[in-house]
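Each residue of the sequence shown is one higher than the one before, starting from 1 at the first, in UniProt numbering.
Even glycine gets a Cβ: it sits at the ideal position worked out from N, Cα and C.
To keep things clear, I will list the structure first and then write my remarks on it.
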Amino acid sequence: MTQDILSKKEAIRSIVHASVESFAVGFQGRHEGELEDPSGTLNMKTHNVFIAVLGPEIQYYTALV
């Protein structure tokens, strides 16, 4: 029983790790690809006047979300 639970935990950790890594790689590629594009997702969010008044920390965070 203990080995079965351990295997399930390892399987869940492996799935979560693979999912997070896949998301991070895709996220990085998308944003690096749009870095010089003024209409790109990242630039459009960082230049939002409503977000800009909240300060650079919030501006950066919201660009990543």
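*Going by Cα to Cα distance, which pick from H31, E21 and L54 is closest to M44?*
Counting from 1 along the sequence shown, the entry for residue 44 is found at position 44. Measuring from the Cα of M44, the nearest candidate turns out to be H31.
*Which of helix, strand or coil does DSSP assign to L6?*
For this step, residue 6 is matched to residue 6 along the sequence shown. Note: L6 maps to helix in three-state DSSP.
*Report the rounded CA-to-CA distance for P56 versus E34, giving the unit in angstroms.*
Position 56 of the sequence shown, counted from the first residue, corresponds to residue 56. Position 34 of the sequence shown, counted from the first residue, corresponds to residue 34. Answer to the nearest angstrom: the Cα atoms are 20 Å apart.
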